[in-house]
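Worksheet: the structure to be examined is printed underneath.
In our numbering, the protein residues as written are 1158 to 1518.
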């Protein structure tokens, strides 16, 4: 499929209650944290947000649960292409996602970044530095934050940068929580150079994952980076529509709470998986409503204008439309085309096919 970046052609598609109900159920079972936070969003934001997260959940599951990951990512690429043509597959999440694209003129570079992150998983990309991990987090999480900001009607570059900070912070928290589960599947998202600095050999760890002082230090360092970004993100929440702020504050506190649970467990992310209780979530929701009230009377923080992370700058440019598409889009499309070519080659190899679509051997 072509990575066509031409403007989206409007269609007659619109949200249907049946499709939205399906998306709501997908979120209820797939992401308890987002489901809790989404209940605070106004309807005009919650409905497209449900469509967005349901498609993202579908995409994540399609790759994570699929043994032939290259084929799964290529299928997602095709589904995205159909959505931007206004001809979605006949599935609730695809139809609702396409309606969201049309209603909010969603820049294609944002969902493409998400699929690029899934493609990195499919080719088993390794992450040596903290910057590498942030680049991965930019694609699988900050891209979603940028899309959420756009569907709220906000295209301010500073607000988008802070939304991306929040997305990266959430993904770093997820990485710290899931170290044991990921290692059991042969996956490693901790920065390998950081592990080496603490005397922890990445390959030896994958062969025999177990708690250690070195792993504790790496986890603590990554959570410290997440905490820094959570605080940076707060300045951007105050730049969002007032009705949307409680839900985003809730997402910030609920995910940060997961990191706090990892800390409370003495950073043991191998023998247990940190989780938060319903009571804790209710407490953070109450705090989020309170903080929204405070944000309405306090002056804007100067942190709002901090530069975006280098790894998320392309998302900010796409969401804010502050760059010439021909200047950056061509390079991005070239990178994606090369990545998809790798996936197609792997898929042909998996299927036992000759190059260029030959017959099975």
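Heads up, the beta-carbon is just placed ideally off N, CA and C, and yes, glycines get one too.
**Request:** Determine the contact status of residue 1405 and residue 1438, defining contact as a CB-CB distance below 9 Å.
**Result:** no
**Request:** Taking only the alpha-carbon atoms, compute the straight-line gap between residue 1303 and residue 1371 and give it to the nearest angstrom.
**Result:** 34 Å
**Message:** Please state the DSSP three-state secondary structure of residue 1258.
**Reply:** helix
**residue 1374 to residue 1355 span [Cα, whole Å]** = 7 Å
**Asked** How long is the line joining the alpha carbons of residue 1199 and residue 1183, rounded to whole angstroms?
**Response** 19 Å
**Asked** What's the C-alpha gap between residue 1407 and residue 1509?
**Response** 48 Å
**Prompt:** Which class does residue 1410 belong to by DSSP, given the choice of helix, strand or coil?
**Reply:** helix
**Item:** Ranges of the alpha helix (DSSP H) found wholly within the stretch 1285-1330, counting only runs of at least 4
**Value:** 1287-1294 and 1300-1308
**Message:** For the structure I just gave you, are there three or more beta carbon pairs, one from the stretch 1329-1346 and one from the stretch 1391-1402, closer than 8 Å?
**Reply:** no
**Asked** Applying the criterion that 16 or more other CB atoms from any shown protein chain within 10 Å of the CB defines a buried residue, is residue 1445 buried or exposed?
**Response** buried
**Request:** Inspect the beta-carbon positions of residue 1233 and residue 1216 and report whether they are closer than 9 Å.
**Result:** yes
**Message:** Which residue wins for smallest C-alpha separation from residue 1461, given the options 1367, 1426 and 1322?
**Reply:** 1322
**Message:** Considering only their Cβ atoms, is the gap separating residue 1231 from residue 1500 smaller than 9 Å?
**Reply:** yes
**Prompt:** Over what stretch of residues does the alpha helix (DSSP H) that includes residue 1234 continue unbroken?
**Reply:** 1226-1241
**Item:** When 1393, 1248 and 1328 are compared against residue 1383, the one with the closest alpha-carbon
**Value:** 1328
**Prompt:** In the structure shown, what three-state DSSP assignment does residue 1437 receive?
**Reply:** helix
**Message:** Which runs of the alpha helix (DSSP H) at least 4 residues long sit entirely within the stretch 1347-1421? Give them in chain order.
**Reply:** 1349-1354, 1359-1364, 1370-1394 and 1402-1421
**Request:** May I have the straight-line CA-CA distance separating residue 1312 from residue 1305, to the nearest angstrom?
**Result:** 10 Å
**Request:** Please report the Cβ distance between residue 1172 and residue 1208, rounded to the nearest whole angstrom; I am assuming they are in contact, meaning their Cβ atoms lie under 8 Å.
**Result:** 7 Å
**Request:** Report, in whole angstroms, the separation of the C-beta atoms of residue 1465 and residue 1318, which I expect to be a contact under 8 Å.
**Result:** 4 Å
**Prompt:** Is it the case that the Cβ atoms of residue 1260 and residue 1476 are separated by a distance below 9 Å?
**Reply:** no
**Message:** Going by DSSP, what residue range makes up the alpha helix (DSSP H) through residue 1280?
**Reply:** Neither: residue 1280 is in no alpha helix (DSSP H) and is coded neither H nor E.
**Request:** Please classify residue 1247: does DSSP put it in a helix, a strand, or coil?
**Result:** coil
**Euclidean distance between Cα positions of residue 1246 and residue 1288** = 36 Å
**Whole-angstrom distance between residue 1219 and residue 1177, CA atom to CA atom** = 20 Å
**Where the alpha helix (DSSP H) through residue 1200 begins and ends** = 1200-1221
**Distance, residue 1175 Cα to residue 1249 Cα** = 8 Å
**Request:** With distances taken Cα to Cα, identify the nearest neighbour of residue 1293 among 1281, 1274 and 1237.
**Result:** 1274
**Asked** In terms of residues, what are the limits of the alpha helix (DSSP H) holding residue 1472?
**Response** 1470-1477
**Request:** Output the distance between the C-alpha atoms of residue 1151 and residue 1197, rounded to the nearest integer angstrom.
**Result:** Limits of the chain in this structure are 1158 at one end and 1518 at the other, which puts residue 1151 out of reach.
**Asked** Where do the ends of the alpha helix (DSSP H) carrying residue 1342 lie?
**Response** It is not in any alpha helix (DSSP H) - residue 1342 carries neither H nor E in the DSSP assignment.
**Asked** Should residue 1492 go down as buried or exposed, given a rule of 16 or more other Cβ atoms within 10 Å for buried?
**Response** exposed
**Message:** Using a 10 Å radius around the Cβ and a threshold of 16 neighbouring Cβ atoms, would you call residue 1251 buried or exposed?
**Reply:** buried
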